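**Q** Residue numbers (the numbering used here): -1 to 347.
We put the CB at the ideal spot given by N, CA and C, even for glycine.
Just so it is clear, the structure is predicted and the values come from calculations on it, not from any experiment.
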């Protein structure tokens, strides 16, 4: 193996005897995050909050409350603030993973995207403050940096809401931070399952949007570890960004379907050629740690003197994008990543 899968756990955060709520708890991240907590901790209460009753029913067959007494399955939508407040009673920690994530669908259904990703973020923040939640970590995306599509713009707005929520909660109130990362290998709706389905359906080529396109890639396990460790590091208002690998989409297609040719079909509406996770304009507020970058809030009145994470300031002209990354996946490397993703996926309920 010519590269190393980075460990983001940092010793983890102590969720033992804690009460935790996960919005979007039946999604790819949410389900595996719940299982991770059950495998590594003994939470007092673990609430799966989502709006899809079928997914909750299926998840409950694999993780029944009779076997895991800490589990609670709450039907609810992040658009419904009253239901969020009810679900968050007695909750100490919240992971906000619920979102509409598909770029073309968001472009075609803008009102729905805004209601879930922006108003939903406001509802989560207000409910957490009113319920006295201690810490909230919200999931973001590389598409939120210099966005050109509605999904990215809605997640940028969501990021701003969670950073600013620290002002609303005051010095001794709920702390909010954000975790931003790239494409998750093998997650539902991502390109790898899509390519595999085309192969299974007998396609004689793999469609790609542009020969020069690059993307950031992270495994689901890494994403979970990043969120857990961010609970440990956060002082409120940070955007945590992992150091992860980039890959050309043409190499990804060759790794997934080595015997099929590719065909360029053109960039879709709202799609970037390369993704950015730290823009030049964010560089002045960004520090570097061993395993991640941290965009610090421009204003942080809720912190005491000297509060915050200690790290190395990046160069003022720094930009972290998928095409100028120093770490790249080869086709052989990606085969190893797929093995890891597939082994994790076996626990995907």
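#1: List the DSSP bridge partners of residue 198.
#2: List the endpoints of the continuous alpha helix (DSSP H) containing residue 92.
#3: Tell whether a beta-carbon distance below 9 Å holds between residue 244 and residue 154.
#4: I'd like the list of long-range same chain contacts for residue 223, defined as Cβ closer than 6 Å, with 5 residues on each side in sequence excluded.
#5: Given a cut-off of 9 Å, decide if residue 150 and residue 182 are closer than it, judged by their beta-carbon atoms.
#6: Does DSSP put residue 293 in a helix, a strand or coil?
#7: Here's the rule: buried if 16 or more other CB atoms are within 10 angstroms of the residue's CB, otherwise exposed. What is residue 60?
#8: Quickly, what does DSSP pair residue 136 with across the bridge? List them, please.
#9: Could you give the DSSP three-state label for residue 149: helix, strand or coil?
#10: Cutting at 6 Å between CB atoms, please list the residues of its own chain near residue 15, excluding the five before and the five after it.
#11: Within the continuous alpha helix (DSSP H) that includes residue 20, where are the two ends?
#12: CB of residue 84 to nearest heavy atom of the ligand ZN: below 8 Å?
#13: With distances taken from CA atoms, which of 26, 257, 54 and 28 is nearest residue 196?
#14: Cα-Cα, which of 12, 283 and 92 is closest to residue 38?
#15: Check this for me: beta carbons of residue 21 and residue 76, under 9 Å apart or not?
#16: By the DSSP assignment, the beta strand (DSSP E) with residue 350 in it spans what residues?
#17: Just mark residue 232 as buried or exposed, buried being the case when its beta carbon has 16 or more other beta carbons within 10 Å.
#18: Within the 9 Å Cβ cut-off, does residue 196 reach chain B?
#19: Would you list the one or two residues that DSSP bridges to residue 240?
#20: Quick one: what does DSSP say residue 109 is sitting in, helix, strand or coil?
**A** In short:
#1: Per DSSP, none; premise fails for residue 198.
#2: Residue 92 -> not in any alpha helix (DSSP H); beta strand (DSSP E) instead, spanning 91 to 94.
#3: no
#4: 6 and 7
#5: no
#6: strand
#7: exposed
#8: 94 and 176
#9: helix
#10: 42
#11: Looking at the DSSP string, residue 20 is not in any alpha helix (DSSP H); the run it does join, the beta strand (DSSP E), is 17 to 21.
#12: Summarising the ligand content, the structure contains no ligands, and the ligand ZN is consequently not present.
#13: 257
#14: 12
#15: yes
#16: In the structure as shown, the chain begins at -1 and stops at 347. Residue 350 is therefore absent and cannot be evaluated.
#17: buried
#18: Included in the structure is just one protein chain, with no chain B present.
#19: Paired residues: 290.
#20: helix
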